[in-house]
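Asks:
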Amino acid sequence: MKKKSLVLGALAWLACLTAFAQQGPVPGGVPHLDHVFVIMMENHGYGEIISNPNAPFINQYARSANLATNYFAVAHPSLTNYLEVVGGSNFGIHSDNPPDWHNGSCATNLSTGAPNTDDPPSPNICPVSGSGTDAATPVLDCTNEVTGPPCEINLDGKASYPAVSTTLGITIADQLADVSKTWKTYQEDLPQTGPDTVNYSDGNFTNNTDFTKINPQLTPPLSSGDIVQLYAAKHNPFVYFQNVQQGTNPLVSYAQIAGFDGWGGLWSDLGSGRVPNFSYIVPNQCNDQHGRGNGTAFCGYDPNDNGTQAGLNPALIQLGDQAVQKIVTAIHGSPAWRHGRSAIVVIWDENDYSVQPVINKVAAIVDTNYGFHELKSGEFYTHFSLLRTIEGGLGLPCLNHACDASTRTMTDLFGDAF
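Numbering (mature numbering (1 follows the signal peptide of the UniProt record, and there is no 0)) for the sequence shown: -21 to -1, 1 to 397.
1. Please confirm whether residue 400 and Q221 have their CB atoms less than 7 Å apart.
2. For D346, does the three-state DSSP call read helix, strand or coil?
3. Going by Cα to Cα distance, which pick from G83, G92 and S84 is closest to H73?
4. Just to confirm before moving on: does the CB-CB distance between H23 and Q304 stay below 7 Å?
5. Give every residue of the same chain whose Cβ lies closer than 8 Å to the Cβ of W162, excluding the five residues on either side of it in the sequence, and list them in chain order.
6. Thinking C-alpha only, which one of F239, P102 and L62 is nearest G173?
7. Candidates I369, P376 and V261: which alpha carbon is nearest P10's?
8. For P314, which residues in the same chain have their Cβ closer than 8 Å to its Cβ, ignoring the five residues on either side in sequence?
9. Rank Q171, T112 and L119 by C-alpha distance to the C-alpha of C242 and give the top, closest one.
10. At the level of alpha carbons, what is the spacing between L46 and R317?
11. Taking the alpha-carbon of Q297 as reference, which of T287, T308, F277 and N285 has the nearest alpha-carbon?
12. If you measure from the CB of T122, is any heavy atom of the ligand FAD nearer than 6 Å?
13. Report the CB separation of H352 from S43 in whole angstroms; it is logged as a contact under 8 Å.
14. In terms of residue numbering, what span does the alpha helix (DSSP H) encompassing T48 cover?
15. Who does V107 pair with in a DSSP beta bridge?
16. Identify the continuous beta strand (DSSP E) that holds Y259 and give its terminal residues.
17. Please return the same chain residues whose Cβ sits closer than 7 Å to the Cβ of F184, not counting the five positions on each side in sequence.
18. Helix, strand or coil for I18 per DSSP?
19. In the DSSP assignment, find the unbroken beta strand (DSSP E) run with I323 in it and report its ends.
20. Which of the three DSSP states, helix, strand or coil, is assigned to H73?
21. Can you check which of these residues, F359, E358 and L375, is closest to L366 by C-alpha distance?
22. Assuming Q1 contacts T146 under a Cβ cut-off of 8 Å, what Cβ separation, rounded to an integer in Å, is found between them?
23. Distance check for I29 and T386, CA to CA, integer angstroms please.
24. Going by DSSP, what residue range makes up the beta strand (DSSP E) through K163?
25. Between F393, I37 and V334, which lies nearest to L354 when the distance is taken from Cα to Cα?
26. Between T112, D189, P78 and P199, which has its C-alpha nearest P94's C-alpha?
27. In the DSSP assignment, what are the bridge partners of D120?
28. By DSSP, does Y360 sit in helix, in strand, or in coil?
29. Along the chain, where does the alpha helix (DSSP H) that runs through R317 open and close?
30. Does the distance from the C-beta atom of T116 to that of V177 stay below 7 Å?
31. Flag this pair as yes or no: are the beta carbons of F359 and N60 separated by less than 7 Å?
32. Measuring CA to CA, which of V218, L373 and D383 is closest to D79?
33. Suppose you measure from the CA of N88 to the CA of V64; what does that come to, to the nearest Å?
34. Please confirm whether P6 and T388 have their CB atoms less than 7 Å apart.
35. Where DSSP assigns a beta bridge to P78, which residues make up the other side?
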């Protein structure tokens, strides 16, 4: 009987090991961190931002803090990279499609192993849960925005990632909740109604607004097409997960998703110093340098997608520069920055112009309230490296591709001078 119990116990241990195969040990080489602030910017490569005269604060900040000069977004499009920053995987998603909200009967991309892509077109994204096979990241990709050749380049045009069959459908939010640590994502222009079933919003109107109920005698004829999509679900990776949509765990739910304004918003939390251990800060699609086609000229898309500074909308770059300055200044002025060890990271999700031969290299600025400054690192880093490093600093196990042997911890940029 005792022998049978030992066998059953061993089988249970093996089953647990298999289920959690894509979580590994806590990464070493990173000082303990009390707070991490990640600021997500959009769609511009390293050479479009660094040395750009229309981004004076960002460039001064890159010089005074620490700068990764060989940092790469993983793939395309935006949502894929947002997922990779917080979850170490694309979870089978290679599109910007909205969530298939609260659908409990659909098959996840992890369970089918079939990627959700732009080309061929895929349906809305089944809420991520469980485990299974994510999508491979090839060197060249023709499933998003381009049908090539020429195709878009992932990473540096050399590296690639195979599909992994033991991918866990969780994020750093789940890991933090497991050890009673806190997280929040601050989404600018999130509507007051919250994120549930909201694909996009200007902070007031959303894709759910019934414009037939707006008195046409008081307003011009309006439709959802008139909404300037400032908030977008595709830039809020957490809402794509089943547990967040269901809210069964109050520590991993809509309660951790806030706007910038009002009580519990970014400015309020920074002012009081009551900030979580992990803050994921996403400016709206004008202030993150993404741009919108139906906004003002200042927020217009870059006129020429050629990957050079000459093809950019200078006003859009300035909007992003001012947004970063405002957020960083508020963090530096927060009581949270004056106590304990904290880090600010400013990254761009992807180089949206990385069609052959332009690579998917982006800027990554790391600022700490301790240790080294004015350091430049030429080490090969990716979004997976950033997740691995944050997990190490917060005492969390590595997750999914953050556990890969090829994923390096950003020990130099987060280093301790003492």
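Just so you know, even glycine gets a beta-carbon here, dropped at the ideal spot from N, CA and C.
As the structure is a computational prediction, the values presented were derived from the model and not from experiment.
Replies: According to the data block:
1. Since the first and last residues shown for the chain are -21 and 397, residue 400 lies out of range.
2. On the sequence shown, position 367 is the one that residue 346 refers to. Under the three-state reduction of DSSP, D346 is assigned to strand.
3. Here the question's residue 73 lines up with position 94 in the sequence shown. With distances taken between Cα atoms, H73 lies closest to G92.
4. For the purposes of this step, residue 23 is taken as residue 44 along the sequence shown, with counting starting at 1. For the purposes of this step, residue 304 is taken as residue 325 along the sequence shown, with counting starting at 1. Cβ distance not < 7 Å, so H23 and Q304 don't count as in contact.
5. Indexing the sequence shown from 1 puts residue 162 at position 183. The answer, listed in chain order, is I151, A152, L155, A156, Q235, P255, N256, F257, S258 and Y259.
6. Along the sequence shown, read from residue 1 onward, the residue named residue 173 stands at position 194. Closest in alpha carbon position to G173, among F239, P102 and L62, is F239.
7. Within the sequence shown, the letter at position 31 stands for residue 10. Residue I369 is the option with its Cα nearest to P10.
8. If you number the sequence shown from 1, residue 314 lands on position 335. Here the set comprises S251 and G252.
9. The count along the sequence shown starts at 1 and reaches residue 242 at position 263. First, the amino acid is wrong: residue 242 is Trp here, not Cys. The residue with the shortest Cα to Cα distance from W242 is Q171.
10. Taking the first residue of the sequence shown as 1, we reach residue 46 at position 67. Taking the first residue of the sequence shown as 1, we reach residue 317 at position 338. L46 and R317: Cα-Cα distance of roughly 22 Å.
11. Within the sequence shown, numbered from 1, the residue matching residue 297 stands at position 318. For Q297, the closest C-alpha among the options T287, T308, F277 and N285 is that of F277.
12. No copy of the ligand FAD appears in this structure; indeed no ligand is present at all.
13. In the sequence shown, the residue the question calls residue 352 occupies position 373. In the sequence shown, the residue the question calls residue 43 occupies position 64. Between H352 and S43 a beta carbon distance of about 6 Å is seen, short of the 8 Å cut, so the two are scored as contacting.
14. Sequence index remark: in the sequence shown, residue 48 carries index 69 (1-based). Note, T48: premise wrong, no alpha helix (DSSP H); beta strand (DSSP E) at N45 to F51.
15. The residue labelled residue 107 in the question sits at position 128 within the sequence shown. Looking at the DSSP assignment, V107 forms a beta bridge with F220.
16. Indexing the sequence shown from 1 puts residue 259 at position 280. For Y259, the enclosing beta strand (DSSP E) covers residues F257 to V261.
17. Taking the first residue of the sequence shown as position 1, residue 184 is located at position 205. I206.
18. Position 39 of the sequence shown holds residue 18. Three-state DSSP puts I18 in a strand.
19. The count along the sequence shown starts at 1 and reaches residue 323 at position 344. Segment S321 to W327, the beta strand (DSSP E) holding I323.
20. Stepping through the sequence shown from its first residue, residue 73 is reached at position 94. Strand, per DSSP.
21. Walking along the sequence shown from the start, residue 366 turns up at place 387. Ranking the options by Cα distance to L366, first place goes to L375.
22. Position 22 of the sequence shown, counted from the first residue, corresponds to residue 1. Position 167 of the sequence shown, counted from the first residue, corresponds to residue 146. The beta-carbon distance between Q1 and T146, rounded to whole angstroms, is 6 Å. This is short enough to meet the 8 Å contact definition.
23. Taking the sequence shown and counting its residues from 1, one reaches residue 386 at position 407. Taking the sequence shown and counting its residues from 1, one reaches residue 29 at position 50. So the two alpha carbons sit approximately 24 Å from each other.
24. Residue 163 sits at position 184 when you count from the first residue of the sequence shown. That run of the beta strand (DSSP E) goes W162 to Q166.
25. Looking up residue 354 in the sequence shown gives position 375. Comparing Cα positions, the closest option is F393.
26. Looking up residue 94 in the sequence shown gives position 115. A check of alpha carbon separations from P94 across T112, D189, P78 and P199 identifies T112 as the nearest.
27. Position 141 of the sequence shown, counted from the first residue, corresponds to residue 120. Under the DSSP definition of a beta bridge, D120 partners with E131.
28. Residue 360 sits at position 381 when you count from the first residue of the sequence shown. The answer is strand: DSSP assigns Y360 an E or B state.
29. In the sequence shown, the residue the question calls residue 317 occupies position 338. Unbroken alpha helix (DSSP H) run through R317: P314 to R317.
30. Residue numbering aside, residue 116 sits at position 137 when the sequence shown is read from its first letter. Residue numbering aside, residue 177 sits at position 198 when the sequence shown is read from its first letter. The Cβ atoms of T116 and V177 lie no closer than 7 Å to each other.
31. The residue given as residue 359 occupies position 380 in the sequence shown. The residue given as residue 60 occupies position 81 in the sequence shown. Not a contact, by the Cβ cut-off of 7 Å.
32. Counting from 1 along the sequence shown, the entry for residue 79 is found at position 100. Comparing C-alpha distances from D79 to each of V218, L373 and D383 shows the shortest one belongs to V218.
33. Looking up residue 88 in the sequence shown gives position 109. Looking up residue 64 in the sequence shown gives position 85. Their Cα atoms are separated by approximately 18 Å.
34. Here residue 6 corresponds to residue number 27 of the sequence shown, with the count starting at 1. Here residue 388 corresponds to residue number 409 of the sequence shown, with the count starting at 1. The answer is yes: Cβ separation under 7 Å.
35. Reading the sequence shown from its first residue, position 99 is the one you call residue 78. Partner(s): I104.
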